[in-house]
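Working notes, structure below.
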Amino acid sequence: MANYLEWSQAWTGRMTKADGDASHKRAPELAAMLKKQMAAGELPFLTMPYRERLEKDLPPILERIKGYRHMLVLGIGGSALGARAMQRAFAPGQDGPGYNGPWLWIADNVCAAQFEGLLGKLNPEETVVVCISKSGGTIETLAQYFLVREWLQKARGDSWREQVILVTDLNKGFLRGEAQAKDLASLEVPDFLGGRYSALSAVGMLPAGFMGINWRALLDGAACVARPLVDNPEAIATHPAFSLACWAKTLQDKNYSELIFFCYLPQWATYGPWFAQLWAESLGKDGKGSIPIPATGVTDQHSVNQMFLDGPRNKGCIFLTGEQPEAGRKFGDDLPAQWAWLRGKAFGALLEAEALGTRMALCKNGVPLVGMHMGSIDEKAAGAMMMLLEGATIFTGWLMGINPVDQPAVELGKRLANSRLGADGYAAEARDLGAFLTTPQERQEF
Ligand code: PA5
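Just add 73 to wherever you are in the sequence shown, counting from 1, and you've got the numbering used here.
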């Protein structure tokens, strides 16, 4: 069965199809941008020129590390979220009983207690460490790397080098220098492939491959969605990623400031945070954008759904469903009379029925909603969904007139933190911090 978008409830509430058409008319303009940026190599997430090299470089590395029981990934943001989503979707055993490895640990925070929890329990002899940073200079990732490097060196002596793989820019950044200076194995993050668009490069494929996930199928699925655009940029006019972008732009124009990503594929729930980062970091610019809200069906029916249904009328929804591989065990005939209607039904019927119920309730409550249905929920389908959402994000940014591949606003906090830690070259930030810290506090204890 094919994957598809379902549009019958998309143009509701304050949204009209005519509003969407105004964006759609800009297809030739966006096609020209697409053509130009692809020709300049600026959209590698779409054209995937790096695939050939990855196909060559990744298999020998996977072969070499397959004896390790643990992979410890150090990375943050786009260098972590894709791998986590793929792990939870396609190698979920680690979260369940009776699992016997391999294990993937993704360290994407700087909590000393959690970090000690990991390093204190992992056996360095059984652990391959993967440090992922496109820039090669992200403080959170590097701080972890320095500590893990020491941990490995202490335990493994000179052979620590065999247990480290760096995934970073091919030519620049501290980590690239480190790989060269210490002769460490490395994989490239290609030029112009920003973190949140990089899950389908070595960034996500190395952890995925280690976990036995079919990483080639992920790439194939993505390529299927990208191909029409790569072959002919003018195909954007009928491409579902552009349709989504026109809809999302209209949502913003009509003051729908929040976009729910309601995932009724529980196995794919961790794609919610992946999408949220992609959407928020790409599109929150110049006072514009919509706030992504990841939600998981059915769990969040008993949590945030009340707000979705009857809170402010400022939400649109992408509603993700798919064909489940199994219907599950059946309810027996001995169910109490009040539950007799469940007798003989499969457990999986609940998910389908509750997805339908929630979708319809959202629609009846005036939430503009696009259904996204996956014909299967394998790696190929996931790759297709990722590419669709990445394309939609880029095109939405172009329609908004912002740059969807930078993230200038987050730099300030990083500079201030560096200054606080005593890094050189942050005199202005140090002055600002001084002033901020001398503002009298107004505390209220509780
Ligand atoms: O999407 C992005 O560009 C960011 O979230 C980055 O992934 C994040 O800041 C980590 O950057 P780097 O991969 O350079 O360490």
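Note that the Cβ used here is the ideal one computed from N, Cα and C, for glycine as well.
- Cβ neighbours of S96 within its own chain (closer than 8 Å, five residues either side excluded): A318, C319, K322, T323, L472.
- Collapsing the DSSP output to three states places I212 in a helix.
- For the 7 Å CB-CB criterion, V240 and A275 form a contact.
- Cβ atoms of F315 and E115 stay farther apart than 8 Å, at about 18 Å.
- Comparing alpha-carbon positions, the option among L332, L127, W341 lying closest to G357 turns out to be L332.
- Q217 has its alpha-carbon roughly 18 Å from the corresponding atom of R493.
- In this structure, the CA atom of K487 is about 10 Å from the CA atom of E502.
- The continuous stretches of alpha helix (DSSP H) do not include E518, and DSSP gives it neither H nor E.
- Collapsing the DSSP output to three states places T394 in a strand.
- When DSSP assignments are scanned along the segment 194-279, the uninterrupted stretches of alpha helix (DSSP H) that are 4 or more residues long and fall wholly within it turn out to be 212-229, 247-255.
- Closer than 6 Å to some heavy atom of the ligand PA5: that describes the Cβ of G268.
- For I149, the shortest C-beta to heavy atom distance toward the ligand PA5 is below 6 Å.
- Proximity of the beta carbon of T372 to the ligand PA5 is not indicated: no heavy atom of the ligand is located closer than 6 Å.
- Taking a C-beta distance under 7 Å as the contact criterion, L415 and L424 do not qualify as a contact pair.
- In this structure, the beta-carbon distance from P367 to P346 falls below 7 Å.
- V443 sits in a strand when the DSSP states are folded into three classes.
- A straight line joining the alpha-carbon of S363 with that of Y329 spans about 7 Å.
- In chain order, A83, T85, G86, M88, G389 place their CB closer than 6 Å to the CB of P441, counting only its own chain and leaving out the 5 sequence neighbours on each side.
- Going by beta carbons, M159 and E396 fall outside the 7 Å limit.
- Note: F334 is bridge-paired with P367, I391 in the DSSP secondary-structure output.
- The three-state reading of DSSP puts A457 in helix, counting H, G and I together.
- The DSSP-derived three-state label of E128 is helix.
- Distances from the alpha-carbon of P481 to those of T311, L107, G360, A410 put G360 closest.
- L424: member of the alpha helix (DSSP H) spanning 421-437, first to last residue.
- Scanning its chain for C-beta atoms nearer than 7 Å, with the 5 sequence neighbours on each side dropped, one finds around E399 the residues G421, in chain order.
- E79 is bridged by DSSP to G444.
- Contact check between the segment 205-216 and the segment 245-264: three or more CB pairs, one atom from each, fall below 8 Å, which counts as touching.
- With a threshold of 6 Å, the Cβ atom of S206 counts as near the ligand PA5, since some heavy atom of the ligand is closer than that.
- The nearest non-hydrogen atom of the ligand PA5 is 6 Å or more from the C-beta of E199.
- The C-beta of H375 has fewer than 16 other C-beta atoms within 10 Å across all chains shown, which makes the residue exposed.
- In this structure, A454 sits away from G230, with a CB-CB distance that is not shorter than 7 Å.
- Secondary structure of W178 (DSSP, three-state): strand.
- At least one heavy atom of the ligand PA5 falls within 6 Å of the beta-carbon of T211.
- With a beta-carbon spacing of about 6 Å, A258 and I134 fall inside the 8 Å limit used to define contacts.
- In this structure, DSSP gives K403 an extended state, which the three-state scheme calls strand.
- The C-beta distance from L220 to D130 rounds to 27 Å, too long to meet the 8 Å contact threshold.
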